[in-house]
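Contents: one structure, followed by commentary.
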Ligand SMILES: [Zn+2]
Ligand SMILES: [Zn+2]
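Residue numbers (my numbering): 184 to 510.
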């Protein structure tokens, strides 16, 4: 029996999304059709719905944290959401995530909040048998965290501050701990600190209110788009320390103070956006090594019909990861 219609979540404009019936996508050249098993929601999906996003083209099926089965063989894959040209300067320099012609599933092309998806074979990263689909769907955001860490020049025992103890901050902590760095999370919300305690205790990573932070970190990453976090971060960096801008800031944010700090204290400023296939593969390896810890980040498994409400909750603050499960 061939299926020709599918259920999908469609964003059609600011604050407009609904579950709709769409034609099943037809594979293009070099592509295969996949049946989605899990798609985890990201704060970027919520941002797309509520305020838009630089790379978003509407109307769009969002979702870029995807695990799916090959329609014919049944093999499971995490899907690298990018499509890079392979021959621009960024691609040749090993930064395919910055390709000038980048097109991303869930941004430029329809993504994983649907029953089916077409993707190129080279985007499919095999998921080990023993790894659950929910945990494997964290490979993309964890890969993005690995990209941020790759931008920093640190060695074992160095102290890293991650500002923001939401899911992104926790994934960064997971990846940094594996590198042997001493990670501290800072978080302004006491409720969030309480919520993340089981994860932080398991990882033995301290999560502190900003006023309780020790001085002198070697490096810092913002895992929150709150502009106030920048000031807080720089005030705790050692002279010559490194700072990676990971979460994008609201348009119009004034960065003058940060740049002057960079000048007077010889800080090193870098940025990170998305991840390469290789980084996502490393993320899958790490998830396979510590599925229990990573599983603590999944707050809920939900149906597609619950996704609009979940995106609202994510945008309004405190949610852990929500995974839409199709199986
Ligand atoms: Zn994401
Ligand atoms: Zn390219």
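The beta carbon of each residue, even a glycine, is placed where N, CA and C say it ideally should be. Given the structure is predicted, the values throughout are model-derived calculations rather than measurements.
Quiz prompt | Start-to-end residues for the alpha helix (DSSP H) that takes in residue 253 | solution = Per DSSP, residue 253 belongs to no alpha helix (DSSP H); it is in the beta strand (DSSP E), 249-253.
Quiz item: Taking the C-alpha atoms as reference points, what is the distance between residue 218 and residue 336?
Solution: 40 Å
Quiz item: Pick out every residue whose C-beta is nearer than 5 Å to a heavy atom of ligand 2: which are they, in chain order?
Solution: 267, 268, 271, 274 and 282
Quiz item: Are residue 402 and residue 343 close, meaning C-beta to C-beta below 8 Å?
Solution: yes
Quiz item: Hey, is residue 222 close to ligand 1, as in C-beta under 7 Å from one of its heavy atoms?
Solution: no
Exercise. Just the C-alpha distance for residue 195 and residue 243, rounded to the nearest angstrom, thanks.
Key: 7 Å
Quiz item: Can you list, in chain order, the stretches of the beta strand (DSSP E) that have 3 or more residues and sit fully within the region 338-425?
Solution: 342-346, 365-369 and 400-405
Quiz item: If we call anything under 8 Å between Cβ atoms a contact, is residue 192 one with residue 487?
Solution: yes
Practice problem: Under 8 Å by Cβ, that's how I've got residue 294 and residue 324 pegged, so tell me the actual separation to the nearest angstrom. | Solution: About 14 Å separates the two Cβ atoms, so there is no contact after all.
Quiz prompt | Cβ-Cβ distance between residue 203 and residue 188 below 8 Å | solution = no
Quiz item: Exposed or buried, residue 320, counting other C-beta atoms within 10 Å across all chains shown (16 or more means buried)?
Solution: buried
Quiz prompt | CB of residue 383 within 8 Å of CB of residue 296, strictly | solution = no
Quiz item: When the Cβ atoms of the region 426-441 are set against those of the region 298-308, are three or more pairs found closer than 8 Å?
Solution: no
Quiz item: Can you check whether the CB of residue 200 is closer than 8 Å to the CB of residue 326?
Solution: no
Quiz item: What is the rounded straight-line gap between the Cα of residue 454 and the Cα of residue 236?
Solution: 18 Å
Quiz item: Can you tell which of 247, 308, 456 and 440 has the C-alpha that lies nearest to the C-alpha of residue 463?
Solution: 308
Exercise. Give the secondary structure of residue 202 by DSSP, where H, G and I count as helix, E and B as strand, and everything else as coil.
Key: strand
Quiz item: DSSP on residue 324, reduced to helix/strand/coil?
Solution: helix
Exercise. For the beta strand (DSSP E) containing residue 215, list its first residue and its last residue.
Key: 214-223
Practice problem: Let me know if residue 258 comes out buried or exposed under the rule of 16 or more other beta-carbons within 10 Å of its beta-carbon. | Solution: exposed
Quiz item: Measuring CA to CA, which of 253, 471 and 197 is closest to residue 215?
Solution: 253
Quiz item: residue 446 to residue 400, Cα distance in whole Å?
Solution: 18 Å
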